[in-house]
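Those protein sequences? They're chains A and B, same order as listed.
Under the working numbering, the first residue of the first sequence is numbered 1, with each subsequent residue one higher.
Under the working numbering, the first residue of the second sequence is numbered 359, with each subsequent residue one higher.
Cβ coordinates follow ideal geometry from the N, Cα and C atoms, glycine included.
In what follows, a structure is listed as C-alpha cells, so that the remarks can point back to it.
Protein chains: 2
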Amino acid sequence: MKVFNFNAGPAVLPAVVMERAQKEFCDYHGSGCGIMEHSHRNKLFDEVLAHANDNIRKILAVPENYDIVYIQGGASLQFAMIPMNLAIPGKPMEFADTGTWSAKAMKEAALFGEVKAIASSKADKYTYIPDVDSMKPSADASFFHITSNNTIYGTQYRKFPESPCPMIADMSSDIMSRRFDVSKFGLIYAGAQKNLGPSGMAVVIIRKDLVDRTPANVPTMLRYATFTENNSLYNTPPTFGIYMLSLVTDWVLEQGGLDAIEKVNDRKAAALYEGIDSSDGFYRSPVRKDSRSRMNVVFRLPTEELEAKFVKESIAAGMIGLKGHRSAGGIRASIYNAMPMEGIERLLSFMADFRKNN
Amino acid sequence: MKVFNFNAGPAVLPAVVMERAQKEFCDYHGSGCGIMEHSHRNKLFDEVLAHANDNIRKILAVPENYDIVYIQGGASLQFAMIPMNLAIPGKPMEFADTGTWSAKAMKEAALFGEVKAIASSKADKYTYIPDVDSMKPSADASFFHITSNNTIYGTQYRKFPESPCPMIADMSSDIMSRRFDVSKFGLIYAGAQKNLGPSGMAVVIIRKDLVDRTPANVPTMLRYATFTENNSLYNTPPTFGIYMLSLVTDWVLEQGGLDAIEKVNDRKAAALYEGIDSSDGFYRSPVRKDSRSRMNVVFRLPTEELEAKFVKESIAAGMIGLKGHRSAGGIRASIYNAMPMEGIERLLSFMADFRKNN
Numbered sequence: 001m002k003v004f005n006f007n008a009g010p011a012v013l014p015a016v017v018m019e020r021a022q023k024e025f026c027d028y029h030g031s032g033c034g035i036m037e038h039s040h041r042n043k044l045f046d047e048v049l050a051h052a053n054d055n056i057r058k059i060l061a062v063p064e065n066y067d068i069v070y071i072q073g074g075a076s077l078q079f080a081m082i083p084m085n086l087a088i089p090g091k092p093m094e095f096a097d098t099g100t101w102s103a104k105a106m107k108e109a110a111l112f113g114e115v116k117a118i119a120s121s122k123a124d125k126y127t128y129i130p131d132v133d134s135m136k137p138s139a140d141a142s143f144f145h146i147t148s149n150n151t152i153y154g155t156q157y158r159k160f161p162e163s164p165c166p167m168i169a170d171m172s173s174d175i176m177s178r179r180f181d182v183s184k185f186g187l188i189y190a191g192a193q194k195n196l197g198p199s200g201m202a203v204v205i206i207r208k209d210l211v212d213r214t215p216a217n218v219p220t221m222l223r224y225a226t227f228t229e230n231n232s233l234y235n236t237p238p239t240f241g242i243y244m245l246s247l248v249t250d251w252v253l254e255q256g257g258l259d260a261i262e263k264v265n266d267r268k269a270a271a272l273y274e275g276i277d278s279s280d281g282f283y284r285s286p287v288r289k290d291s292r293s294r295m296n297v298v299f300r301l302p303t304e305e306l307e308a309k310f311v312k313e314s315i316a317a318g319m320i321g322l323k324g325h326r327s328a329g330g331i332r333a334s335i336y337n338a339m340p341m342e343g344i345e346r347l348l349s350f351m352a353d354f355r356k357n358n
Numbered sequence: 359m360k361v362f363n364f365n366a367g368p369a370v371l372p373a374v375v376m377e378r379a380q381k382e383f384c385d386y387h388g389s390g391c392g393i394m395e396h397s398h399r400n401k402l403f404d405e406v407l408a409h410a411n412d413n414i415r416k417i418l419a420v421p422e423n424y425d426i427v428y429i430q431g432g433a434s435l436q437f438a439m440i441p442m443n444l445a446i447p448g449k450p451m452e453f454a455d456t457g458t459w460s461a462k463a464m465k466e467a468a469l470f471g472e473v474k475a476i477a478s479s480k481a482d483k484y485t486y487i488p489d490v491d492s493m494k495p496s497a498d499a500s501f502f503h504i505t506s507n508n509t510i511y512g513t514q515y516r517k518f519p520e521s522p523c524p525m526i527a528d529m530s531s532d533i534m535s536r537r538f539d540v541s542k543f544g545l546i547y548a549g550a551q552k553n554l555g556p557s558g559m560a561v562v563i564i565r566k567d568l569v570d571r572t573p574a575n576v577p578t579m580l581r582y583a584t585f586t587e588n589n590s591l592y593n594t595p596p597t598f599g600i601y602m603l604s605l606v607t608d609w610v611l612e613q614g615g616l617d618a619i620e621k622v623n624d625r626k627a628a629a630l631y632e633g634i635d636s637s638d639g640f641y642r643s644p645v646r647k648d649s650r651s652r653m654n655v656v657f658r659l660p661t662e663e664l665e666a667k668f669v670k671e672s673i674a675a676g677m678i679g680l681k682g683h684r685s686a687g688g689i690r691a692s693i694y695n696a697m698p699m700e701g702i703e704r705l706l707s708f709m710a711d712f713r714k715n716n
C-alpha cells in the first residue's frame, strides 16, 4: 500500500524528485560520484547552485534588487540573525504575534533591542490571524515581522499587511505554495524542510540595501553580507540540500509554476475543510474560517481518546504524521505542495469511515 | 573507468555507504518514504540519531562526561560559537596559528575578547606544526585552541599539547582518522564533510561542565546548552546528514574501528609520500617531514604549467579534485578514510607516468 506522509516537516517531497535523486545518487551526471561527494567549488555544483537560484527567482518572481541565499540553522537561527543584522539602535522591532514561532522570533529579538507586538491573537489561543488592515507598523521601526503561516495552530495570512518599514516574513511553511509580491518585503526566510527540500538550511531572500545595516561586531557567519557577497559559498554550503531544492523547484515549474500549484493547493485544502465542516461536528476546526491554513489543516475530534485512536488507525490505513503538534494536540494534516490529491482523498475516505465507526 | 575522488571536502564517502543510502533513499526500512521525509520527532529518526551518537561514542571512546551534538553552519560557525560561549571576560583566548583556518578562528574570537597566538608557523608559510612541547597555554586563559589538521597546507599534529586550560580542537579534516584521547580536550569540533558525511553540519563533542559558561545574552541557537539539553532536537536538525553519518560510522566499525582505520591511513599516506620523495625532486612536498598530514597530501611540480597539465591529465585518468587550494596552488590529494588504497595506487602510477613523460 502506498503511504501518504502528512508530516509537518521534514515532509513529503515529490515522488518524481525522490526517484530522480535516487537514480543519480552514486553517479551524478556520469561524474563517477554523487553530487554530495563533489566539491562545492567545482563546475558541477556551480551549476546546481545557479539552477536553484534561477528557479527560485523565476517561480517567485524575485526582483533584481533582492539576493537569494542559503543559510544553515533553519528558521530558528534566522530568529537571531534578523535582529543581529537589522535592529537599528533606538528603533523598536515590531511583530505580529500569531503563535509559537512568532513568539520565538520575538524572544530572540529582545536580546538585541526593544520588541513590540503590534498585533496578537494570543488571547484567543492563536485561532486566527489578526486583521491585517488594522496592523499599523511604525515608519520608524527597525522592521515589522510576521509569520505567514502557523504550522502549529493551522492559521495563514490571506493577504499581507502594508508596512512603511521593512516587512520581514517567516514563510517557512507556505513559501512557494501561492503567489505573493516579493517587493512588499524587506526579507523573506523559510526553513527548507516543508515545501523546498530536506532540513538543514533556510532560504533567505533579502533586499540588497538591507545587508548594509549589520553592525561591525557581528561574526562573519551571522552576517547576511557574507552570504550575499559570496553567493552562499563563503564556507561549504549544504550542497545536497541545495541540490534537492533545485530538483524540487524544477518540479514546481513542471507543474506549471506558482499559479498552477496554488490552484491545486486551494482544491486540496477546500476538500479537506469541507470534509471537516460537513461532519456534523464530529470533526471540528478550531480555526476561524478566514484564517484557515491551506498547508496545515488542524482539527479536533470529540475526545482525546478518539484522537489517539484516529492517529493509530490512520497509520494502519497508510497515512503517517497526522498527530497534532505536541503543544497543541488534536490532528494535523500537513498538505504541502508535494502532497497529491490522492492523499487527501485517502484521508477523507478514512475520516468518513472512522466517523461512521465511532 | 572507476573515478577516484581526491576532493578536500565535500569528499568521497565509502562506496558501500553510498549504495546503501541509494537503495533505501525512497523507502526507509519499509516505511513508504525516505528518511529525509520523516519527522525529526518520530521513532525512526530517533533511532538514527541514537545510533549516530552511539557510534561516535564507541569509535572515539568519548567519556560519559562529554555530550555529542550536531550543529548546522559547519566549522566556520563554530569559530564564532566557541568564543561566544566560552570566552571568560578578562581571560585571553589562546591559539596555535597553523594556517588559514586557525587564522579565521582567531579573527572571530577577537570580536569577543583578547586573542593571543602563543605558537605560529606563519613566518614559514605554515609548512610545519610548531613544537607542541614548547606550546605553553596559560592556566588562566579562557581556552587554548588548535587546528589538528590543516587541509590547505597539508600539516597535521602528530601529538597533542598539554593544556592547563580547556583545550579546543578543530578536527574537521582528521576526526575519526586516528586514535586520540578525547579527555585531553574541553571541546572538539569537526565539519562533517570530510570523514563523517555530507556537508551541512559540524559534530561537536563538549565536556558537560563547559556549557555552563555561556553568557545570558547569547541567542538560543548559538548556545551549546540548547543542543546538549535537547539532544540536538531543539529545532529541526539536518536529518539526512545525521543519517549519512550513522551509515559512515557503521562502516568505520565494520572496518575494525579506529585502530584499523588508522593503520590503513598510515599505509596510504606513507605510500604517497614515498612516491613524492623518491621522484628525484620532480615532485616536492613543501611540508616538514614531522608535520606531514595523513589526510591532505600537498606537493608541487617543477613549474605551475606542469601542475596545470598534471591536474588536467589526472582527470582524464579518472582522478578528480587534485588541484591545490586556490590560496596555496600546487597539487593536493585528500585521502580521507573513504579513499581506498586502490585510489592511491592509481595516483602513484599516474605520477610515475607523468614524470616519465614530462
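Looking at the secondary structure, which residues open and close the beta strand (DSSP E) in which residue i lies?
i, result
"ILE68/A", "66-71"
"ASP455/B", "451-455"
Per DSSP, which residues does residue i bridge with? Please list them.
i, result
"LYS122/A", "For LYS122/A, which the question treats as bridged, DSSP gives no partner whatsoever."
"PHE4/A", "MET319/A"
"ALA691/B", "VAL655/B"
"GLN156/A", "ASN149/A"
"MET167/A", "PHE144/A"
"VAL115/A", "MET93/A"
"ARG378/B", "Bridge partners of ARG378/B: none, in fact."
"ARG650/B", "THR513/B"
Output the distance between the C-alpha atoms of residue i and residue j, rounded to the nearest integer angstrom.
i, j, result
"LYS681/B", "VAL669/B", "6 Å"
"ALA87/A", "ILE152/A", "27 Å"
"ARG355/A", "PHE282/A", "7 Å"
"LEU545/B", "ASN149/A", "39 Å"
"THR249/A", "VAL218/A", "32 Å"
"MET319/A", "LEU591/B", "24 Å"
"ALA674/B", "MET359/B", "10 Å"
"ASN42/A", "THR303/A", "57 Å"
"VAL473/B", "MET464/B", "7 Å"
"ALA338/A", "GLY197/A", "10 Å"
"ALA548/B", "VAL427/B", "11 Å"
"ILE393/B", "PRO10/A", "9 Å"
"HIS398/B", "ASP404/B", "7 Å"
"THR513/B", "ILE82/A", "38 Å"
"TRP609/B", "GLY432/B", "23 Å"
"ARG179/A", "LYS122/A", "28 Å"
"CYS33/A", "ALA21/A", "13 Å"
"GLY688/B", "ILE331/A", "59 Å"
"ALA216/A", "TYR66/A", "22 Å"
"ASN654/B", "MET18/A", "34 Å"
"ARG581/B", "LEU222/A", "14 Å"
Taking the alpha helix (DSSP H) that residue i belongs to, which residues open and close that run?
i, result
"THR100/A", "100-109"
"GLN613/B", "From DSSP, GLN613/B is part of no alpha helix (DSSP H); its letter is neither H nor E."
"ALA438/B", "432-444"
"ARG415/B", "401-418"
"ARG642/B", "Counting along the chain, ARG642/B falls outside any alpha helix (DSSP H), and DSSP gives it neither H nor E."
"ILE702/B", "699-715"
Scan the stretch 537-606 of chain B and note each continuous alpha helix (DSSP H) run of 4 residues or more that stays entirely inside, going in chain order. 582-587
Can at least three beta-carbon pairs, one atom from the stretch 460-470 of chain B and one from the stretch 401-418 of chain B, be found at a separation below 8 Å? no
Could you check whether the stretch 671-685 of chain B touches the stretch 606-618 of chain B, counting it as contact only if at least three pairs of C-beta atoms, one from each stretch, sit closer than 8 Å? no
Sufficient close CB pairs (3 or more, under 8 Å) joining the stretch 685-704 of chain B to the stretch 378-388 of chain B: no
Using 8 Å as the cut-off, can you tell me whether the stretch 88-99 of chain A makes contact with the stretch 130-141 of chain A, which would need three or more C-beta pairs spanning the two stretches below that distance? yes
Take every Cβ of the stretch 114-130 of chain A, pair it with every Cβ of the stretch 288-296 of chain A, and state whether three or more of those distances are shorter than 8 Å. yes
Stretch pair the stretch 563-574 of chain B + the stretch 583-590 of chain B: three plus CB contacts closer than 8 Å: yes
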